[in-house]
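Going by our numbering, 79 is the number at position 79 of the sequence shown; the sequence numbering is gapless.
Notes for the one structure printed next.
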Amino acid sequence: MGMSKKLIVVMAGLSLGACSSLDDKNTFMTYGDLQDKVRTHDEQWQNVQSKLDRIDELEAEVAALKQGKALPTKSAAMSNNMAGNGMSTSATMAAVNVAPAVMQAPIDSQGNADPMTIDPEENFEMDRAAPPVVVAPVMATKQTTVTGDEYGVQVASYGNRDEAVRGWRVLQKSYPTVFNGLEPLVNQKEVNGRTMYQLKVGPFVNKTFSSDFCKMLKEKGKDCLVTQYNGEPFASN
1 MGMSKKLIVV MAGLSLGACS SLDDKNTFMT YGDLQDKVRT HDEQWQNVQS
51 KLDRIDELEA EVAALKQGKA LPTKSAAMSN NMAGNGMSTS ATMAAVNVAP
101 AVMQAPIDSQ GNADPMTIDP EENFEMDRAA PPVVVAPVMA TKQTTVTGDE
151 YGVQVASYGN RDEAVRGWRV LQKSYPTVFN GLEPLVNQKE VNGRTMYQLK
201 VGPFVNKTFS SDFCKMLKEK GKDCLVTQYN GEPFASN
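Written out as structure tokens, the structure is:
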């Protein structure tokens with residue numbers, strides 16, 4: 001195969017050289033003729049390349065066939081070796097089937113022995129080693145002061161807490177439906193050295209809602225101020 005490949009390459013080279021030689025009578029070659037020559041050379045080289053590829057494929061097939069013939073020879077040698085030792089495939093399988101199965105050994109029983117008992121001293125040690133169970137304390141009373149993490153609206157300010165509670169009741173009568181769903185708080189605060197009790201309502205989700213609510217109150221003629229929702233709750237009824 002190697003000699004055939006070399007022969008084809010030599011023939012292709014000779015043909016290319018022959019094609020590129022010019023007649024003595026025509027020593028002038030135009031650019032178009034040169035391009036035609038190049039195209040012809042390319043086509044011839046493609047044909048040669050396809051033949052070379054086919055030769056490589058044939059050599060690969062021959063090598064594969066040679067390897068395929070070598071495998072049965074090895075198998076036959078193994079069979080002869082087994083026959084020389086006096087063992088056959090059926091005998092080998094029979095030997096495997098006859099092999100005893102591995103059985104789990106039974107656990108020895110103590111007959112009429114008494115059930116296992118725990119020594120009182122050991123039981124006491126186990127109790128001492130056990131971790132204590134921690135129970136979370138239950139809040140006896142809920143927190144009565146709102147910290148002010150949410151927004152509210154201050155609707156009035158009074159001199160004492162009782163006045164703030166009464167002021168809330170007056171607002172409910174003046175605006176029966178405006179404060180539905182809102183909770184009042186009284187926040188104690190020092191203003192210019194004087195203790196004031198601010199009446200606030202809320203809570204609102206964000207500052208925008210509290211601002212809109214305050215704007216609505218001002219449209220109804222009620223003054224208000226957007227603040228934090230903080231203070232102490234009280235019975236509104």
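Glycine residues also receive a C-beta, built at the ideal position from the N, C-alpha and C atoms.
Query raised in the report: Alpha carbon to alpha carbon, how far is VAL134 from PHE179?
Result: Translated into the one-based positions of the sequence shown, residue 134 becomes position 134. Translated into the one-based positions of the sequence shown, residue 179 becomes position 179. Confidence in VAL134 is poor, its pLDDT being 40 and thus under 50, which makes the residue's placement too unreliable to answer from.
Query - For PHE204, the three-state DSSP class (helix, strand or coil) - result: Walking along the sequence shown from the start, residue 204 turns up at place 204. Correct three-state label for PHE204: strand.
Query raised in the report: In terms of residues, what are the limits of the beta strand (DSSP E) holding VAL191?
Result: Sequence index remark: in the sequence shown, residue 191 carries index 191 (1-based). Under the DSSP assignment, VAL191 falls in the beta strand (DSSP E) whose first and last residues are 183–191.
Query raised in the report: Do you know how far the Cα of GLN46 is from the Cα of LEU58?
Result: Your numbering for residue 58 matches position 58 in the sequence shown. Your numbering for residue 46 matches position 46 in the sequence shown. Linking LEU58 to GLN46 through their CA atoms gives a straight-line distance of about 19 Å.
Query raised in the report: Thinking C-beta only, is PHE204 closer than 8 Å to TYR151?
Result: Mapped onto the sequence shown, residue 151 falls at position 151. Mapped onto the sequence shown, residue 204 falls at position 204. Yes, the pair counts as a contact, with Cβ atoms nearer than the cut-off.
**Report entry** Sequence-distant residues of its chain with Cβ nearer than 7 Å to LYS218 (five each side left out)
**Finding:** For this step, residue 218 is matched to residue 218 along the sequence shown. If the five residues before and after LYS218 are omitted, its C-beta is found closer than 7 Å to the C-beta atoms of CYS224, all from its own chain and listed in chain order.
Query - Neighbourhood of ASN160 by C-beta, 7 Å cutoff - its chain only, sequence neighbours within 5 removed - result: One-based indexing of the sequence shown puts residue 160 at position 160. For ASN160, where only same-chain residues beyond five positions count, the Cβ hits under 7 Å are TYR197.
**Report entry** Beta bridge counterpart(s) of TYR158 as assigned by DSSP
**Finding:** The sequence position of residue 158 within the sequence shown is 158, counting from 1. Residue pairing by DSSP puts TYR158 in a beta bridge opposite TYR197.
Requested in this report: Measure the Cβ-Cβ separation of LEU182 and GLY167 and say whether it is below 8 Å.
Outcome: Looking up residue 182 in the sequence shown gives position 182. Looking up residue 167 in the sequence shown gives position 167. Between LEU182 and GLY167, the gap from beta carbon to beta carbon reaches 8 Å or more.
Query raised in the report: Under the three-state reduction of DSSP, which class applies to ASN230: helix, strand or coil?
Result: If you number the sequence shown from 1, residue 230 lands on position 230. The answer is strand: DSSP assigns ASN230 an E or B state.
**Report entry** Integer-rounded CB distance, given that GLN228 should sit under 8 Å from LEU199
**Finding:** Taking the first residue of the sequence shown as 1, we reach residue 199 at position 199. Taking the first residue of the sequence shown as 1, we reach residue 228 at position 228. So it is not a contact: roughly 14 Å between Cβ atoms.
**Report entry** Residue environment, ALA235, which counts as buried when at least 16 other CB atoms sit within 10 Å
**Finding:** For the purposes of this step, residue 235 is taken as the residue at position 235 of the sequence shown. Counting Cβ neighbours within 10 Å, ALA235 comes out exposed, since fewer than 16 surround it.
Query raised in the report: In whole angstroms, what is the alpha-carbon distance linking LEU185 and ARG169?
Result: To locate residue 185, count along the sequence shown from 1; it is residue 185. To locate residue 169, count along the sequence shown from 1; it is residue 169. For LEU185 and ARG169, the distance between alpha carbons rounds to 13 Å.
Report task. Using three-state DSSP, classify ASP212 as helix, strand or coil. Result -> Translated into positions along the sequence shown, residue 212 becomes position 212. It is helical.
Query raised in the report: Per DSSP, TYR151 forms a beta bridge with which residues?
Result: Here residue 151 refers to the residue found at position 151 of the sequence shown. In the DSSP output, where bridge partners are listed per residue, TYR151 has PHE204 and GLN228.
**Report entry** Alpha-carbon spacing of GLU43 relative to LYS37, whole angstroms
**Finding:** Translated into the one-based positions of the sequence shown, residue 43 becomes position 43. Translated into the one-based positions of the sequence shown, residue 37 becomes position 37. Distance between the alpha carbons of GLU43 and LYS37 is about 10 Å.
**Report entry** Whether VAL226 touches SER211 by CB criterion (8 Å)
**Finding:** Locating residue 226 in the sequence shown gives position 226, where the first residue counts as 1. Locating residue 211 in the sequence shown gives position 211, where the first residue counts as 1. Yes, Cβ-Cβ distance for VAL226 and SER211 is below 8 Å.
Report task. Please name the residue in ALA63, VAL165 and PRO176 whose C-alpha comes closest to that of GLU232. Result -> Counted from its first residue, the sequence shown places residue 232 at position 232. Residue VAL165 is the option with its Cα nearest to GLU232.
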